[in-house]
Structure formats: structure tokens, C-alpha cells
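If you're matching them up, the sequences are chains A and B in order.
Heads up: the first sequence begins at 60 in our numbering, then just goes up one per residue.
Heads up: the second sequence begins at 60 in our numbering, then just goes up one per residue.
C-beta: ideal position from N, C-alpha, C; glycine also.
Below is one structure; the comments refer to it alone.
Protein chains: 2
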Amino acid sequence: MDSAVARERALDAAEDLFYGRGVQAVGMDAVRTASGLSLKRLYQLFPAKEHLVEAYLDRRDERWRGRLAAHVAGHADPRRRLLAVFDWLEGWFAEPGFRGCAWINAYGELGATAPGVAERVRAHKEAFRDYLAGLVADAGLPAALTGPLFLLAEGAMVTAGVTRSSAPAAEAREAARLLLGSAA
Amino acid sequence: MDSAVARERALDAAEDLFYGRGVQAVGMDAVRTASGLSLKRLYQLFPAKEHLVEAYLDRRDERWRGRLAAHVAGHADPRRRLLAVFDWLEGWFAEPGFRGCAWINAYGELGATAPGVAERVRAHKEAFRDYLAGLVADAGLPAALTGPLFLLAEGAMVTAGVTRSSAPAAEAREAARLLLGSAA
DNA sequence: CCAGTCGGAGAACGATCGTTCTCCAGTGTC
DNA sequence: GACACTGGAGAACGATCGTTCTCCGACTGG
Numbered sequence: 060m061d062s063a064v065a066r067e068r069a070l071d072a073a074e075d076l077f078y079g080r081g082v083q084a085v086g087m088d089a090v091r092t093a094s095g096l097s098l099k100r101l102y103q104l105f106p107a108k109e110h111l112v113e114a115y116l117d118r119r120d121e122r123w124r125g126r127l128a129a130h131v132a133g134h135a136d137p138r139r140r141l142l143a144v145f146d147w148l149e150g151w152f153a154e155p156g157f158r159g160c161a162w163i164n165a166y167g168e169l170g171a172t173a174p175g176v177a178e179r180v181r182a183h184k185e186a187f188r189d190y191l192a193g194l195v196a197d198a199g200l201p202a203a204l205t206g207p208l209f210l211l212a213e214g215a216m217v218t219a220g221v222t223r224s225s226a227p228a229a230e231a232r233e234a235a236r237l238l239l240g241s242a243a
Numbered sequence: 060m061d062s063a064v065a066r067e068r069a070l071d072a073a074e075d076l077f078y079g080r081g082v083q084a085v086g087m088d089a090v091r092t093a094s095g096l097s098l099k100r101l102y103q104l105f106p107a108k109e110h111l112v113e114a115y116l117d118r119r120d121e122r123w124r125g126r127l128a129a130h131v132a133g134h135a136d137p138r139r140r141l142l143a144v145f146d147w148l149e150g151w152f153a154e155p156g157f158r159g160c161a162w163i164n165a166y167g168e169l170g171a172t173a174p175g176v177a178e179r180v181r182a183h184k185e186a187f188r189d190y191l192a193g194l195v196a197d198a199g200l201p202a203a204l205t206g207p208l209f210l211l212a213e214g215a216m217v218t219a220g221v222t223r224s225s226a227p228a229a230e231a232r233e234a235a236r237l238l239l240g241s242a243a
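Shown next as C-alpha cells:
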């Protein structure tokens, strides 16, 4: 089997399991079984579990931000694009198997002990914040609005994860609408 | 030694370690050493690690909400009391050893596998939200403001934890001020 | 002073997990 | 057909961890 294909299979299995149950609750044996790869192959591709975890976060980061950007790109009006971020969050929260933000979860689990994970969480959150900042600038809104919008989104992710509900997205969107209005 | 005293010592050690390094990264041996208790005594007080973890969350919940309420009670004006929540968060974020919200971290670590932990996280967040709802009502503000304020606070906790900065509290407070103003 | 009990220190046990190793079937080459 | 090689299945190893057990010193009541 092509090693690129094997890598994707490993990451598919790892993502399902790590995201669904937590990193530490999933052994390499479970990844082996779920991926259909041999342990030997798995360790050829990722010399240690830590590498697999980091690759999981990296690939998910790319996909997550890509999906968000693709959804937002479907709207033309710059102010509408900002609100579309919260629409997308709502859809994400409602997906089966949603279990909160993978990075916040990973940070709670490994942030204190795995520097590679902590660094990726910071990078992911910073990238998301920068993305929001770009949308704010494109809408001609004051840059100071970025922080609050980012905090609303983060709060919605956490709350949706803990309560297993997509309602926080709508709350956050309404608050965002108010903030945008007050800055008009 | 009085068993009530021993219990407090165990919880003091557990809180330091669990909060600072994560629950799974801390073995019962570390709690034993840090508390100065014997393993036998520890298991008499808490028949399993799970019990200790839950007791840690319970005691911290009581203290956390108590400290917040005490700070807020120092302000008379009902609208000022709402903003005082964010002042208090800022002070908390700046404390040495701050490492984010203990419940969000615990949820990321154990939410999927430990129902007792997940339940406590939900209860804690719901209690905090209810507390905010009370402040909103006392200020004669529309109840719909509770959600956004709660999300801002949650977002600030997560972001402060990940970035190791207390700045998110000020951002959240400014956003809250705007929301309060727009609802005046 | 002594039998009995309690609690402390830490060794021991059993399970789990990350990682490596062994064995072997299948394959391509001469 | 013999041989070297690759990769798979899963046993094995070493470490860690939650939990229990053993041993021993210290204290109590007579």
C-alpha cells in the first residue's frame, strides 16, 4: 500500500479516536485496529505516539480552517461574512459526534505536559483570530472588534462542547450582530 | 491526625497537582508525596482516584464561585456588579500558576470517559451561568443578555489559559460594556 | 511490662500502554 | 526451486499507575 494512503488511513483512525475519546484514552493498539495498519507500519510512519498526535492536530487544523473559509467565502457582503462564521459554527456543533473544540480539549489534556501540543493549540487559535481580524478589516470595522468576536466564538465552542448543544452559536451570533451594530 | 484535616491536605495536594499538570499526568503516588499522607490513609478517605478527582472539582467549585461572589458583592451598582465579574476574571488570570479553567481542562481530559467529571463540569458551568443571569436580572437588563456575557467569560477563560495572558478579560469586559450599553 | 491495635512506609501486584521484536507467509529474482 | 527481502500479525518487554498488602514501630489499657 502506498505510504501516503497508509498515512491518511492512520490519521483518519487517529482523528476519530482522539477526538471522540481523548488522546490519552486511546492506545496505539486501538489506532492499529481502527486503521487496519500493522503496528510496524504505524511506527514507520509516526515514530512515536506524540508524532501521530501532532500530525492529527496539524491535519485537522488545515481542514477545519479550510471548511470555515469555504463557507464564509459563499457570502459576498463583508459584514455578512463575519456573521457567517457563527452560522458555520452552528452547523459544526450540530454534526453527529461533535465533542467540542479539538484544540481546547487537547490543551486541557496535554497542554501542561506536551509542548508540541501546546504550541499547536496556540498556533491554531492565533490563526483563527487572525482570520477573524481579516474579516473585520475587510468589513471596514474597527480592529478592536476582533477580540470580542473571537471570545464569543471560543465561548460558543466550549459551551457547545460541554452542553452538547448547538444553541450557543446562535447566542454568539446575536451578540456579534449587536456588537457590529454598535460599531456601525 | 483528624480525618477532616487529612482530607483537606489531600485535596490541597490534589488540587495543586491536578490543576497544574492535568489529572492523568498525576499519579496517586505524587498526591501521597505532596500531601504527606500515607497511601493507606489516602485510600481510606477516597476509595479510588476518581473520588479524589470529583472531590477536587467539588471543593474548587465552591471556592471559585465563592471568591467570585465575594468580589462582586463589593460593588453596589447592579450594572457595575456585572462588569466586576470580568474584573475578577482578570485578577484570576493574572494569578501565578493560572492554567485556564479547571473544568474546561478536566472536560477535555475526562469528559468523554468519566461521567462523574462531565456531570460536574456541566453543573459548574450551569451554576456560573445562573449566577450571571441573576446579576442581569438585578440590573433590570433583558435576560437575553445572559448568554452573550456568559460566552464572553468562557471565551476569556479559554483564551487566557491557552495564551497565558490576562488580556482577554479586558477585551471581554469592553465587549460586555458595549452589550450593556446597547441594551440600556 | 505486655498483648493488641492502629497507622505509616513503601514493596508488591495486576493491568495497561508505548514500543520493539519474533516469526512467518508471500513475492520477486536468478 | 533456492534465496533474500518485505511487511503483517501479534507476542513480548519495560515502564507506569491504580490499588492492595506486608511489615514494623508506636501507642493504649491493664
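Validate contact between the stretch 223-236 of chain A and the stretch 148-167 of chain A using beta carbons, cut 8 Å, 3 pairs: The stretch 223-236 of chain A is in contact with the stretch 148-167 of chain A.
For residue 124 (chain B), three-class secondary structure by DSSP: In this structure, residue 124 (chain B) counts as helix in the three-state DSSP scheme.
I need the DSSP call for residue 173 (chain B), collapsed to helix, strand or coil. The answer is coil: DSSP assigns residue 173 (chain B) none of H, G, I, E or B.
With a threshold of 6 Å on Cβ separation, who are the neighbours of residue 134 (chain B) within its own chain once the five nearest residues in sequence on each side are excluded? 140, 143
May I ask you to report which of helix, strand or coil DSSP gives residue 113 (chain B)? helix
Flag residue 166 (chain B) as yes if its beta-carbon sits less than 8 Å from any beta-carbon of chain A, otherwise no. At least one CB atom of chain A sits nearer than 8 Å to the CB of residue 166 (chain B).
Any 3 or more C-beta pairs closer than 8 Å across the stretch 184-192 of chain B and the stretch 92-105 of chain B: no
Tell me whether residue 165 (chain B) is buried or exposed, calling it buried when 16 or more other Cβ atoms sit within 10 Å of its Cβ. buried
Which word fits residue 90 (chain A), buried or exposed, when buried means at least 16 other C-beta atoms lie within 10 angstroms of its C-beta? buried
What residues of chain B sit near residue 191 (chain A), judged by a beta carbon separation below 9 Å? Annotation: residue 191 (chain A) has no Cβ neighbours in chain B at a cutoff of 9 Å; minimum Cβ distance is about 12 Å.
I'd like to know whether the C-beta atoms of residue 116 (chain A) and residue 218 (chain B) end up nearer to each other than 8 Å. no
Using a Cβ cut-off of 8 Å, which residues of the stretch 199-211 of chain A contact any Cβ in chain B, in chain order? Taking 8 Å as the Cβ-Cβ cut-off against chain B, the residues of the stretch 199-211 of chain A that qualify are 203, 206, 207, 209, 210, 211.
Would you call the CB atoms of residue 149 (chain A) and residue 119 (chain A) closer than 8 Å? no
With a cut-off of 8 Å, does the C-beta of residue 81 (chain A) fall near any C-beta of chain B? yes
Going by the CB atoms, is the gap between residue 87 (chain A) and residue 70 (chain A) shorter than 8 Å? no
CA-CA distance, residue 127 (chain B) and residue 64 (chain A)? 52 Å
Could you please give the first and the last residue of the uninterrupted alpha helix (DSSP H) stretch that includes residue 138 (chain A)? 137-153
Got a sec: which bits of the stretch 66-93 of chain B sit with their beta carbon under 8 Å from any beta carbon on chain A, in order along the chain? Taking 8 Å as the Cβ-Cβ cut-off against chain A, the residues of the stretch 66-93 of chain B that qualify are 79, 80, 81, 83, 84.
Are there 16 or more other CB atoms within 10 angstroms of the CB of residue 167 (chain B), so buried, or fewer, so exposed? buried
Once DSSP output is grouped into helix, strand and coil, what is the label at residue 209 (chain B)? helix
For residue 208 (chain A) and residue 240 (chain A), I'd like the C-alpha separation in whole angstroms. 13 Å
Residue from A:175, A:214, A:147, A:181 whose Cα sits closest to the Cα of residue 108 (chain A): The option with the nearest alpha carbon to residue 108 (chain A) is A:175.
Grouping DSSP H, G and I as helix and E and B as strand, with all else coil, what is residue 187 (chain A)? helix
Rounded distance between the beta-carbons of residue 212 (chain B) and residue 231 (chain B), thought under 8 Å: 6 Å
Since residue 130 (chain A) and residue 162 (chain A) should fall inside the 8 Å C-beta cutoff, what is the C-beta to C-beta distance between them, to a whole number of angstroms? That pair is no contact at about 19 Å.
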